[in-house]
Amino acid sequence: MENLQSAVDSLVHSSNTLFILIGAVMVLAMHAGFAFLEVGTVRQKNQVNALSKILSDFAISTLAYFFIGYWISYGVTFMQPAAVITADHGYGLVKFFFLLTFAAAIPAIISGGIAERARFVPQLCATALIVAFIYPFFEGMIWNGNFGLQAWLLERFGASFHDFAGSVVVHAMGGWLALAAVLLLGPRQGRYRDGRLVAFAPSSIPFLALGSWILIVGWFGFNVMSAQTLQGVSGLVAVNSLMAMVGGTVSALIVGRNDPGFLHNGPLAGLVAICAGSDLMHPVGALVTGAIAGALFVWCFTAAQGKWHIDDVLGVWPLHGLCGVWGGIACGIFGQAALGGLGGVSLVSQLIGTSLGVIVALAGGFAVYGVINALFGLRLSQEEEYYGADLSVHKIGAVSQD
């Protein structure tokens, strides 16, 4: 019986390790989606820079999260013998890998907002500080119960803040951090003339669409594998993600009047919004959540660029920041049993947790980017921006005519 129990335990641990490893690889692949979404949206003179930023940011994020961030979030360090950290088939190591891909999504999100005019090395310094300190502070508070916030919300309002896959913890954090950086950088040269918006056409709609599709596919690892164990996996999460994605697509298609940029960001808006409540909502609630998110993205992107003169190149603040906030709130609405959800969620707790995420992100963003801007400068010179970051930073263009 002891041998049988040992065999069962070994099978459980190995299965969970493989399960979360597959999720980690799927979310890792999403970073290619971030890269190509940015490559297709920016002008051709900045395509090499877009690709270089995403890969470099991931490398810096890994170092920052491995040595500092993961310990701040979960109190776990890997500075122990390999014989210790490989317990349970190395599940703890692969869990770190999975959560790292979430942490690294933060600078990948920010990259799209500050594209075409941010300096390369100062941005990498900001990535290190955000992934080592700012993001883990809030992640640990929500997903590990640090500082007693979740316990207080549970006692006071009957439910803690629920964010199953990171509408607020990952996406809203990334979007509002990006807003701080975008405001500090200011608009691109020539973006506004005499107070009027000047259109900068995307360099490649096919690349933009490719990035969107890679993100869509990887998102099912992002959401479904957030269960982190085979025992916790739920088909409800998968179908809710699907319905929210479709809802975002259709509403962005309609509200965006067939614009391919809006169309291919619509499903991403829906997927951002469904992360928080994907394990609780009824599929119809997920559909509504995604549809509202798709329309919200189109309206707010248009207003931010045209009325408010916020030159957020990929629209990461409306897409991740605002749709992430909507996702946190929508979880408290459509997660209720009265609306077909599984219940166990408080709208008040969702409002408090979401608001706190915005505050932490904005404060952290202005602190990190403000200090780096004051000490080193965040922005390319006017001449460097004119020639493009590809030639100015990387000394090579995206294509050769030879």
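Counting from 1, one number per residue, gives the positions in the sequence shown under my numbering.
The C-beta atom is built at its ideal place from N, Cα and C for all residues, glycine as well.
The beta carbon of Ala304 sits closer than 8 Å to the beta carbons of Ile310, Asp312, Gly315, Trp317, Pro318 from its chain, once the five residues preceding and following it are set aside; these are given in chain order. Per DSSP, Leu280 lies in no alpha helix (DSSP H) and is assigned neither H nor E. For the stretch 200–232, the full-length alpha helix (DSSP H) segments reaching 4 residues or more read 205–224 along the chain. Judged by beta-carbon spacing, His320 lies beyond the 8 Å limit of His162, meaning their Cβ atoms are not closer than that value. Rounded to whole angstroms, the gap between the alpha carbons of Ile114 and Glu384 is 15 Å. In the structure shown, Leu197 adopts extended strand secondary structure according to DSSP, grouped into three states. DSSP, read as helix, strand or coil, puts Ala118 in strand. Residues of the same chain with a CB within less than 8 Å of the CB of Gln150, apart from the 5 flanking positions on each side, are Met141, Ile142, Ser160, Phe161 in chain order. Restricted to the stretch 232–280, the alpha helix (DSSP H) segments that are unbroken, complete and at least 4 residues in length are 235–255, 260–274, listed in chain order. The beta-bridge partner set that DSSP reports for Arg379 consists of Ala118.
In this structure, Gly221 lies away from Val131, with their beta-carbon atoms at least 8 Å apart.
For Arg188, there is no enclosing alpha helix (DSSP H), as DSSP marks it with neither H nor E.
For Gly365, the closest C-alpha among the options Pro107, Ala32, Leu21, Tyr91 is that of Pro107. Within the model, the alpha-carbon separation for Thr77 versus Leu362 is close to 28 Å. Taking a C-beta distance under 8 Å as the contact criterion, Gly341 and Gly290 do not qualify as a contact pair. Exclusion of the five residues before and after Val358 leaves Ala172, Trp176, Val325 as the residues of its chain whose Cβ lies within less than 7 Å of its Cβ. The Cβ atoms of Tyr91 and Asn16 sit closer than 8 Å to each other. Positions of the alpha helix (DSSP H) runs, each at least 4 residues long and wholly inside the stretch 117–161, are given as 120–129, 135–143, 149–157 in order along the chain. Closest in C-alpha terms to Ala227, from the list Gly277, Ala330, Asp259, comes Gly277. Comparing alpha-carbon positions, the option among Ser212, Gly261, Tyr135, Ala295 lying closest to Gly247 turns out to be Ala295.
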